[in-house]
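So the structure is just underneath, and the comments pick up after that.
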Amino acid sequence: MKYSIGFLLLASLGLAAEPLAVDGPWVRLMPPGVNMTAAYMTLRNQGDSPLTIEAVRSPEASSVMLHGYRQDGDKVRMTHLDSLTLAPHQTQVLEPGALHLMVMGLSAPLAVDKPLTLTLYFSDGRTQDILARPRSSQ
């Protein structure tokens, strides 16, 4: 009986949800010789406090930046964002033609069977790893 309770307590430690839920992370496959791509996903703050992503890094890329778009006269321009804050229970979609992660300086070509590791760095010091599956844009 003591062992059963101890096992249940240990098992429940692994059930604690991340404050940020990440759904459907993927990166766009690029033609040979292109060493940059974009990553997309849906982010959902599951907590009761704001979450701020201050940086994103990947061991397979020299840099990862959060990019958005803004209207500049009659042109739409891609812009670098320093951080992304999600209000409690807010969902933010990162998608083509909108907010996304720009992954630059890939150390090797992407392959369908090898996910790209992305690490989110939060303002409170926490980190969260994401595995983004390479695929074509269709």
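Each step along the sequence shown adds one to the number in numbering that gives the first Met the number 0, with nothing skipped, and position 2 is 1.
We put the beta carbon where it would ideally sit given N, CA and C, even for glycine.
#1: On the three-state DSSP scale, how would you describe P24?
#2: Which one of L98, D112, L80 has the shortest CA to CA distance from M40?
#3: According to DSSP, is E94 part of a helix, a strand, or is it coil?
#4: Going along the chain, which unbroken runs of the beta strand (DSSP E) with 3 or more residues stay wholly within the stretch 53-95?
#5: Between A38, D123, M29, E59, which lies nearest to V21 when the distance is taken from Cα to Cα?
#6: Hey, E225 and T126: beta-carbon distance below 8 Å or not?
Taking the structure as given:
#1: Position 25 of the sequence shown, counted from the start, is the residue given in the question as residue 24. P24: strand per DSSP, three-state reduction.
#2: Counting from one through the sequence shown, the residue named residue 40 turns up at place 41. Checking every option, the nearest Cα to that of M40 belongs to L98.
#3: Position 95 of the sequence shown, counting from 1, holds the residue named residue 94. Coil at E94, not helix or strand.
#4: 60-71, 74-80, 83-85, 90-93
#5: By one-based count along the sequence shown, residue 21 stands at place 22. The residue with the shortest Cα to Cα distance from V21 is A38.
#6: Outside the shown range of the chain (0 to 137) lies residue 225, about which nothing can therefore be said.
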